[in-house]
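Heads up, the thing below is written out as structure tokens.
There are 2 protein chains.
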Amino acid sequence: MISREVQLKQRPAGMPSADDFTIVETEVADPQDNEVQVVNVCMSVDPYMRGRMVDRKSYTPPFRLGETLTGGAIGQVAASRAAGIREGDYVQSNFGWREAFTAPADQISPLGKLAAPASAYLGALGMPGMTAYVGLLEVGALADGETVFVSGAAGAVGSIVGQIARLRDCHVIGSAGSAEKIAWLRDELKFDAVFDYHGADILAQLRKSAPDGIDVYFDNVGGDHLEAALFHMRPFGRIALCGAISQYNATEPVPGPVNLTLAIGLGLTLRGFIVNHFNHLAEKFRSDMEGWINSGQIQHRETVFNGIERAPEAFIGLFTGENIGKMIVALD
Amino acid sequence: MISREVQLKQRPAGMPSADDFTIVETEVADPQDNEVQVVNVCMSVDPYMRGRMVDRKSYTPPFRLGETLTGGAIGQVAASRAAGIREGDYVQSNFGWREAFTAPADQISPLGKLAAPASAYLGALGMPGMTAYVGLLEVGALADGETVFVSGAAGAVGSIVGQIARLRDCHVIGSAGSAEKIAWLRDELKFDAVFDYHGADILAQLRKSAPDGIDVYFDNVGGDHLEAALFHMRPFGRIALCGAISQYNATEPVPGPVNLTLAIGLGLTLRGFIVNHFNHLAEKFRSDMEGWINSGQIQHRETVFNGIERAPEAFIGLFTGENIGKMIVALD
Numbered sequence: 001m002i003s004r005e006v007q008l009k010q011r012p013a014g015m016p017s018a019d020d021f022t023i024v025e026t027e028v029a030d031p032q033d034n035e036v037q038v039v040n041v042c043m044s045v046d047p048y049m050r051g052r053m054v055d056r057k058s059y060t061p062p063f064r065l066g067e068t069l070t071g072g073a074i075g076q077v078a079a080s081r082a083a084g085i086r087e088g089d090y091v092q093s094n095f096g097w098r099e100a101f102t103a104p105a106d107q108i109s110p111l112g113k114l115a116a117p118a119s120a121y122l123g124a125l126g127m128p129g130m131t132a133y134v135g136l137l138e139v140g141a142l143a144d145g146e147t148v149f150v151s152g153a154a155g156a157v158g159s160i161v162g163q164i165a166r167l168r169d170c171h172v173i174g175s176a177g178s179a180e181k182i183a184w185l186r187d188e189l190k191f192d193a194v195f196d197y198h199g200a201d202i203l204a205q206l207r208k209s210a211p212d213g214i215d216v217y218f219d220n221v222g223g224d225h226l227e228a229a230l231f232h233m234r235p236f237g238r239i240a241l242c243g244a245i246s247q248y249n250a251t252e253p254v255p256g257p258v259n260l261t262l263a264i265g266l267g268l269t270l271r272g273f274i275v276n277h278f279n280h281l282a283e284k285f286r287s288d289m290e291g292w293i294n295s296g297q298i299q300h301r302e303t304v305f306n307g308i309e310r311a312p313e314a315f316i317g318l319f320t321g322e323n324i325g326k327m328i329v330a331l332d
Numbered sequence: 333m334i335s336r337e338v339q340l341k342q343r344p345a346g347m348p349s350a351d352d353f354t355i356v357e358t359e360v361a362d363p364q365d366n367e368v369q370v371v372n373v374c375m376s377v378d379p380y381m382r383g384r385m386v387d388r389k390s391y392t393p394p395f396r397l398g399e400t401l402t403g404g405a406i407g408q409v410a411a412s413r414a415a416g417i418r419e420g421d422y423v424q425s426n427f428g429w430r431e432a433f434t435a436p437a438d439q440i441s442p443l444g445k446l447a448a449p450a451s452a453y454l455g456a457l458g459m460p461g462m463t464a465y466v467g468l469l470e471v472g473a474l475a476d477g478e479t480v481f482v483s484g485a486a487g488a489v490g491s492i493v494g495q496i497a498r499l500r501d502c503h504v505i506g507s508a509g510s511a512e513k514i515a516w517l518r519d520e521l522k523f524d525a526v527f528d529y530h531g532a533d534i535l536a537q538l539r540k541s542a543p544d545g546i547d548v549y550f551d552n553v554g555g556d557h558l559e560a561a562l563f564h565m566r567p568f569g570r571i572a573l574c575g576a577i578s579q580y581n582a583t584e585p586v587p588g589p590v591n592l593t594l595a596i597g598l599g600l601t602l603r604g605f606i607v608n609h610f611n612h613l614a615e616k617f618r619s620d621m622e623g624w625i626n627s628g629q630i631q632h633r634e635t636v637f638n639g640i641e642r643a644p645e646a647f648i649g650l651f652t653g654e655n656i657g658k659m660i661v662a663l664d
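Protein chains in written order, with the numbering used here: chain C, 1 to 332; chain D, 333 to 664.
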């Protein structure tokens, strides 16, 4: 079996471009004892991957040039020599950016019975959904009825954050980057207030949408969004530091907010996290989220690019705002 | 009775100067029913007061020009018409920056039996000591044996932070601003490592003193100290944001740390606080701290200026590093 795979040809300088990637073909080995061969159905591109393209120490080691990239993927087992895993089973793995692979069974996670289309397990039911869930409820320590601001609100994480907050009777404000996104958040997801951040005075928008201030800010963007939110937090507010997509392509150090000292008098908490810090909540998350999706309480939307050759384009699109909801590369 | 009092003549621009203050004389009224007349024994000058000299919204309203300043003071009751308060009793109040005053009994706090000299209740046993206590133990969520970095380590707060951490078997690193301070921290307070931040590469000092990183950073300074600490935090480290004395006299907005996004992958918590957020711990604090002081486990040191007319000089000295331990203005 042949797998087409995406490798990093050179490290992006600033905004990534198609030239930074290359497609190679690899022969996928037959599985040996305790191995499975998997054909990927879809793969994920996520903003965090930009960090791994830089050659520096971080919480995950950098991608290497000339090796196939990795990331979340959902596949179906094509051949199995591992106990309990059968042909046709859906499995989750970190062997994305490729069409197929063979790996030890302990490096993949059988998904069991699916409650939604497979790709949802890369989105609302996968890493981004769980990021929203733990970031809002655990890191943000959300209480019912609070005022929540989420940036990047039309993204894979942000759109789930806002909807969970709505389920908790919160007043939800979101920022996003296009009229289509704004309309979706307002009309379909029923956010209480939304604004397009392009050219906006973010602080003025927050003052208008949340006159009494913000209890929880879920930060996907960093930069001017974080600074504006800090200016408008209520006493004892919490800021969940999830991402800083506005800064991921910066080529110079980006100064932090000028108003971090406001945290002192207001007793604010800023807490960073990644989803892996909360693996102990994975089962509860899946159960809650499958319930919310099946009851229609949470909607999930995808922007789909078809074919492994379009994976770089899909990835770059994360930084130019191409996606509404989860960005998916379909491989079947 | 005549009280000499300090008023703000004009709002300081940048570093405060003696010209910003003026001394006035006021007649202190005799106490009426439920009032007490108090002669102050000593008064406090604290860095937070700089913030109140700026005309802006903050957690305490700004000082007004042409009114007597306020702040912590310890006095003795000279005359009382309030039940349960007798002549000679020591009381704590916010009627500092003056030699004497008359006030309703509910605006002063009787200190009861003193376990240390009265001025200690403005320092180790007062607001700065309790700031250290709640900031390290509650906000910093200190665990025994962790590695703690405290900036402004020779100050009223920092010197107590380091000593409490030592009592908890922690590895304690402190920064301070003079050879005399460094010697005191190293030789008397038994900090594990200390460095003079003047001209120092703070990050290099931290790497040397705490090769495995920092669990808790108690931030009194902000600016380059905070940025360096962020670069050297261990996973799930906590930063207690207590003060930012390096920025209090800034006349332009000061950018925040360039590396705040490190908090994401490391799961760091930055939490601001002021001591009033923890008033429910006041009794436990006093009991613990009196025990530590009486047993000699915690030392407290003061830098004393004598006379109300020197209060502005003492206050300015906070920003030029004149104090070792608590800065006190003695009034008796």
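All C-beta atoms in this analysis are idealised placements derived from N, C-alpha and C, irrespective of residue type, glycine included. Quick caveat: nothing in here was measured; it's all calculated off a predicted structure.
If I'm right that residue i touches residue j with Cβ under 8 Å, what's the distance once you round it to whole angstroms?
| i | j | result |
| --- | --- | --- |
| D:A560 | D:L538 | 6 Å |
| D:H632 | D:A452 | 6 Å |
| C:Y90 | C:L122 | At roughly 12 Å, the Cβ-Cβ gap does not stay under 8 Å, so C:Y90 and C:L122 are not in contact. |
| D:Q495 | D:L474 | Between D:L474 and D:Q495 the Cβ distance is about 13 Å, and since that is not below 8 Å, they are no contact. |
| D:T601 | D:I571 | 7 Å |
| D:M375 | D:V586 | About 29 Å separates the two Cβ atoms, so there is no contact after all. |
| C:F315 | C:M49 | 7 Å |
| D:T635 | D:N655 | 4 Å |
| C:P128 | C:I160 | 7 Å |
| D:F651 | D:M385 | D:F651 to D:M385, Cβ: 12 Å. No contact. |
| D:A432 | D:V371 | 5 Å |
| C:V150 | C:M327 | That pair is no contact at about 18 Å. |
| D:I630 | D:A456 | 7 Å |
| C:M1 | C:V41 | C:M1 to C:V41, Cβ: 15 Å. No contact. |
| C:Y197 | D:L598 | With 8 Å as the limit, C:Y197 and D:L598 do not qualify as a contact, their Cβ atoms being about 27 Å apart. |
| D:A414 | D:N366 | 5 Å |
Nearest CA to the CA of residue i: which residue from the options?
| i | options | result |
| --- | --- | --- |
| C:P103 | C:L137, C:D30 and C:G135 | Going by the sequence as given, residue 103 of chain C is Ala instead of Pro. Checking every option, the nearest Cα to that of C:A103 belongs to C:D30. |
| C:N334 | C:G88, C:G66, C:M130 and C:R11 | This structure leaves residue 334 of chain C out entirely; chain C is present only between 1 and 332. |
| C:L8 | C:D106, C:I274, C:S209 and C:R98 | C:R98 |
| D:F550 | D:P567, D:V466 and D:Q629 | D:V466 |
| D:H557 | D:D533, D:A542 and D:P567 | D:D533 |
| C:V172 | C:V194, C:G155, C:A179 and C:G152 | C:V194 |
| D:I640 | D:F427, D:P394 and D:S390 | D:F427 |
| D:V368 | D:R336, D:F353 and D:R418 | D:R418 |
| C:G126 | C:L331, C:F319, C:K284 and C:A311 | C:K284 |
| D:S441 | D:G407, D:R413 and D:S390 | D:G407 |
| C:D55 | C:Q92, C:G84, C:R11 and C:V45 | C:R11 |
| D:N331 | D:S619, D:A515, D:V553 and D:N591 | The question about residue 331 of chain D has no answer here: the residues shown for chain D are numbered 333 through 664. |
| D:V548 | D:F605, D:V471 and D:G575 | D:V471 |
| D:Q439 | D:L469, D:A405 and D:A447 | D:A405 |
| D:F351 | D:L613, D:D664 and D:E645 | With the sequence shown as reference, residue 351 of chain D is identified as Asp, and Phe is not the correct amino acid for it. Comparing Cα positions, the closest option is D:E645. |
| D:P567 | D:A576, D:G545, D:Q579 and D:E622 | D:G545 |
| C:A335 | C:V77, C:G243 and C:E25 | It is not possible to answer for residue 335 of chain C, since the shown part of chain C is limited to 1 through 332. |
| D:A497 | D:G653, D:D524, D:T354 and D:A511 | D:D524 |
| C:L241 | C:G66, C:E252 and C:G272 | C:G272 |
| D:A542 | D:G506, D:E584, D:G628 and D:D620 | D:G506 |
Which residues of chain C have a Cβ atom closer than 7 Å to the Cβ of residue i, listed in chain order?
| i | result |
| --- | --- |
| D:T593 | G222, A244 and Q247 |
At 7 Å on the CB atoms, spell out the chain D contacts of residue i, in chain order.
| i | result |
| --- | --- |
| C:T269 | T601 and R603 |
Quick one: which chain C residues come within Cβ less than 8 Å of residue i?
| i | result |
| --- | --- |
| D:V586 | V258 |
| D:I606 | I264, G265 and G267 |
| D:L650 | Within chain C, no residue comes near D:L650; the closest Cβ sits about 17 Å away, beyond 8 Å. |
Below 8 Å on C-beta distance, what does residue i contact in chain D?
| i | result |
| --- | --- |
| C:L241 | L592, T593, A595 and I596 |
So, does the CB of residue i fall closer than 8 Å to a CB anywhere in chain A?
| i | result |
| --- | --- |
| D:I514 | The displayed structure is made up of protein chains C and D, and chain A is not among them. |
| message | What ranges does the alpha helix (DSSP H) occupy inside the region 124-177 of chain C, keeping only unbroken runs of at least 4 residues that lie completely in it? | response | 127-134 and 158-167
| field | Short-range partners of chain D found in the region 35-60 of chain C, where Cβ spacing is below 7 Å | value | S58 and Y59
| task | Closer than 7 Å, Cβ to Cβ, to anything on chain C: give me those residues from the region 609-630 of chain D, in chain order. | result | H609
| said: Suppose only complete runs of 3+ residues qualify. What are the beta strand (DSSP E) ranges in the region 63-103 of chain C, listed by chain order? | reply: 73-80 and 90-93
| What are the start and end residues of each continuous beta strand (DSSP E) run of 3 or more residues lying completely inside the region 10-44 of chain C, in chain order? | 21-27 and 35-44
| field | Complete runs of the alpha helix (DSSP H) confined to the region 598-657 of chain D [at least 4 residues] | value | 614-626 and 643-649
| request: Return the chain-ordered ranges of every beta strand (DSSP E) run that is complete within the region 196-276 of chain C and spans a minimum of 3 residues. | output: 214-219, 233-241 and 269-272
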